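Enquirer: Chains as they are written, first to last, in the numbering used here: chain A, 810 to 984; chain B, 23 to 227. Here a beta-carbon is modelled for each residue, glycine too, at the ideal position from N, C-alpha and C. Being a predicted model, the structure only gives us computed values, none of them experimental.
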Amino acid sequence: MFVLLTGLFFSFFRIGLFGFGGGYAMLALIEREIVQIHQWMSAAEFIDIIALAEMTPGPIAINSATFVGYRVAGLGGAFLATLGIISPSLLLIIPATRLFTRFYHLQGLQNALSGIHPAVLALIGLAAFVVGKSALIDFKSTAIAVGCLLLLLFTRVHPLLLIALGAVAGLLIYL
Amino acid sequence: MDDLLHQKEEESQKVKIPELFFLFLSIGTFTIGGGYAMIPLIRREIIDRKKWFDDQDFLDNLAIAQSLPGPLVVNFSLVTGYRLRGFKGGLFSLLGTIIPSFLIILGIAIFLWQYRGNYLVQAAFLGIRPVILALIVSAVFKLGKDVFRKYRTVIFFAAFLGGVIIFNIHPIAVILGGAALGLLWPPGKGRDFGRGSNNNSGPKE
Chain A
810 MFVLLTGLFF SFFRIGLFGF GGGYAMLALI EREIVQIHQW MSAAEFIDII
860 ALAEMTPGPI AINSATFVGY RVAGLGGAFL ATLGIISPSL LLIIPATRLF
910 TRFYHLQGLQ NALSGIHPAV LALIGLAAFV VGKSALIDFK STAIAVGCLL
960 LLLFTRVHPL LLIALGAVAG LLIYL
Chain B
23 MDDLLHQKEE ESQKVKIPEL FFLFLSIGTF TIGGGYAMIP LIRREIIDRK
73 KWFDDQDFLD NLAIAQSLPG PLVVNFSLVT GYRLRGFKGG LFSLLGTIIP
123 SFLIILGIAI FLWQYRGNYL VQAAFLGIRP VILALIVSAV FKLGKDVFRK
173 YRTVIFFAAF LGGVIIFNIH PIAVILGGAA LGLLWPPGKG RDFGRGSNNN
223 SGPKE
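(1) Which of the three DSSP states is assigned to residue 172/B in this structure?
(2) Within the continuous alpha helix (DSSP H) that includes residue 18/B, where are the two ends?
(3) Hey, how far is the Cα of residue 76/B from the Cα of residue 983/A?
(4) Which same chain residues, not among the five before or five after residue 978/A, have their C-beta less than 7 Å away from its C-beta?
(5) For residue 968/A and residue 157/B, what's the separation of their Cα atoms in angstroms?
(6) For chain A, find out if any of its Cβ atoms is closer than 8 Å to the Cβ of residue 214/B; answer yes or no.
(7) Over the uninterrupted alpha helix (DSSP H) stretch that includes residue 922/A, give me the two end residues.
(8) Please name the residue in 957/A, 836/A and 897/A whose C-alpha comes closest to that of residue 149/B.
(9) Does any residue of chain B bring its CB to less than 8 Å from the CB of residue 860/A?
(10) What separation, rounded to the nearest whole angstrom, lies between the Cα atoms of residue 898/A and residue 97/B?
(11) Which stretch, first to last residue, makes up the alpha helix (DSSP H) that contains residue 983/A?
(12) For residue 225/B, which residues of its own chain have a beta-carbon under 7 Å away from its beta-carbon, when the five flanking residues on both sides are left out?
(13) Show which residues of chain A have a CB atom less than 8 Å away from the CB atom of residue 204/B.
(14) Use the C-beta contact count for residue 119/B: other C-beta atoms within 10 angstroms, 16 or more gives buried, fewer gives exposed.
(15) Just to confirm, are residue 819/A and residue 893/A a CB contact at a threshold of 8 Å?
(16) Inspect the CB distances between the stretch 107 to 127 of chain B and the stretch 859 to 878 of chain A and report whether three or more fall short of 8 Å.
(17) List, in chain order, every chain A residue whose beta-carbon is nearer than 8 Å to that of residue 97/B.
(18) Under a three-way DSSP split, which group does residue 37/B fall into?
(19) Using a Cβ-Cβ cutoff of less than 6 Å, which residues in the same chain neighbour residue 862/A once the five nearest sequence positions on both sides are dropped?
(20) Compare the C-beta of residue 29/B with all C-beta atoms of chain A and state if any pair is closer than 8 Å.
(21) Spell out a yes or no on whether the stretch 921 to 937 of chain A and the stretch 834 to 844 of chain A are touching, meaning 3 or more CB-CB pairs, one atom from each, closer than 8 Å.
(22) When you compare only the Cα positions, how much space is there between residue 109/B and residue 903/A?
(23) Within this structure, are the beta carbons of residue 900/A and residue 814/A separated by less than 8 Å?
(24) Does the beta carbon of residue 841/A sit closer than 8 Å to a beta carbon anywhere in chain B?
(25) Counting pairs of Cβ atoms below 8 Å between the stretch 169 to 182 of chain B and the stretch 920 to 933 of chain A, do you hit three or more?
(26) Check whether the Cβ atoms of residue 91/B and residue 811/A sit closer than 8 Å, and answer yes or no.
(27) Any C-beta of chain B sitting closer than 8 Å to the C-beta of residue 880/A?
(28) Who are the neighbours of residue 964/A on chain B, taking C-beta pairs under 7 Å?
(29) Alpha carbon to alpha carbon, how far is residue 82/B from residue 11/B? Give it in angstroms, no decimals.
(30) Can you find a C-beta in chain A that's less than 8 Å from the C-beta of residue 163/B?
(31) Hey, how far is the Cα of residue 896/A from the Cα of residue 981/A?
(32) Are the C-beta of residue 115/B and some C-beta of chain A separated by less than 8 Å?
(33) Going by other Cβ atoms of all chains shown within 10 Å of its Cβ, with 16 needed for buried, is residue 202/B buried or exposed?
(34) May I ask you to verify whether the stretch 914 to 922 of chain A touches the stretch 128 to 147 of chain B, counting CB pairs closer than 8 Å and requiring at least 3?
(35) For residue 135/B, which three-state DSSP category applies?
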């Protein structure tokens with residue numbers, strides 16, 4: 810149990826430390842640690858957790874950490890995974906805030922960031938690829954995905970409404 | 023009496039810690055859709071209602087939060103709280119942001135997740151998964167507005183995406199590689215889509 814708990818803490822610490830670009834970009838890191846390396850849960854269960862993190866309030870990264878931690882090692886796991894993912898921020902942000910406001914306009918830093926941004930987007934693309942492998946099981950699910958993408962890009966439809974409609978569609982199609 | 027008055031005066035000038043905590047607590051409780059959905063709400067509270075920051079400060083705070091690793095809103099609440107009330111302010115803003123999320127998820131994990139094997143729930147999730155896929159892909163397009171505007175960063179993006187999917191390159195290596203590529207091939211040499219083909223003017227992406 811002790812090994813499991815420290816493993817969880819350091820896995821999520823790594824995710825927090827290298828998770829640039831917010832929750833979606835972190836999903837690729839979480840998937841690698843949780844599903845591929847430690848095999849704490851299956852790819853399908855991981856996607857359902859993303860769905861849950863989307864449906865509940867709060868940052869997606871925190872939701873995922875708490876949930877994965879609880880599934881793997883109970884209450885202690887939930888606490889340590891959450892603590893793990895916020896610890897790098899706690900250690901870095903305050904000293905960095907002082908330095909950053911001073912050096913933000915340095916060209917070197919701006920150049921590096923301009924390369925990091927596409928890398929972050931590619932990681933979100935990877936998360937989409939991973940989710941797509943389990944989400945697109947037939948023509949109908951592909952049609953749902955394409956339709957929702959168009960709605961999300963070109964209308965102001967609320968994501969929660971789409972998730973609710975997705976659930977209804979799932980019941981109608983797959984039951 | 024005099025002391026009390028003086029104290030009140032001082033307090034009104036300072037942002038109070040409980041005020042920070044409960045502001046982020048309420049945003050953390052009622053905002054669905056992750057970090058980027060929370061930012062406009064925080065903006066409305068902090069700039070429009072409480073007038074703690076102006077737009078420029080707010081954008082600087084956001085830039086700091088986005089440029090460092092970690093969940094966006096976690097970083098953002100830390101920066102905001104720290105700049106208003108020092109370390110304690112940062113800590114309590116952070117706690118306000120994550121406590122609702124932690125408790126709600128824990129409740130679901132303990133009481134509701136057991137019904138996941140139910141055939142109704144299974145069928146519903148088969149319909150939800152493609153929606154989640156669409157949400158993630160739409161995030162790429164929305165966040166990528168600037169990145170997809172230049173040849174240089176589009177090439178970076180395509181190379182990184184191929185690298186992580188085909189060659190299974192570690193995400194951390196991609197981030198570090200992005201920083202290295204950004205320094206080796208700095209912006210300004212890239213061309214803008216839809217503008218003159220030799221537009222070398224803007225150093226900013």
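Expert: Reading off the structure:
(1) strand
(2) No answer is possible for residue 18/B: the residues shown for chain B start at 23 and end at 227.
(3) 51 Å
(4) 953
(5) 7 Å
(6) Only weak support exists for where residue 214/B lies, its pLDDT of 45 falling under 50; the value from the coordinates is given anyway. Residue 214/B does not count as touching chain A.
(7) Segment 916 to 944, the alpha helix (DSSP H) holding residue 922/A.
(8) The shortest C-alpha to C-alpha distance from residue 149/B to any of 957/A, 836/A and 897/A is the one to 957/A.
(9) yes
(10) 6 Å
(11) 968 to 983
(12) Only weak support exists for where residue 225/B lies, its pLDDT of 40 falling under 50; the value from the coordinates is given anyway. Taken in chain order, the residues that qualify are 209 and 210.
(13) Neighbours of residue 204/B on chain A, chain order: 920, 921, 922, 923, 924 and 925.
(14) buried
(15) yes
(16) yes
(17) Taking a Cβ-Cβ cut-off of 8 Å, the neighbours of residue 97/B in chain A comprise 898 and 902, given in sequence order.
(18) coil
(19) 869, 872 and 873
(20) Annotation note: pLDDT 47 at residue 29/B (below 50); position unreliable, coordinate value reported separately. Between residue 29/B and chain A, the shortest Cβ-Cβ separation is not below 8 Å.
(21) yes
(22) 8 Å
(23) For residue 900/A and residue 814/A, no; Cβs fall outside 8 Å.
(24) yes
(25) yes
(26) Taking 8 Å as the Cβ cut-off, residue 91/B and residue 811/A do not qualify as a contacting pair.
(27) yes
(28) In chain order: nothing, as chain B lies at least about 11 Å away.
(29) Nothing about residue 11/B can be reported from this structure: the residues present for chain B run from 23 to 227 only.
(30) yes
(31) 44 Å
(32) Taking Cβ atoms only, chain A never reaches closer than 8 Å to residue 115/B, which makes this a no.
(33) exposed
(34) Contact fails: fewer than three Cβ-Cβ distances are below 8 Å.
(35) helix
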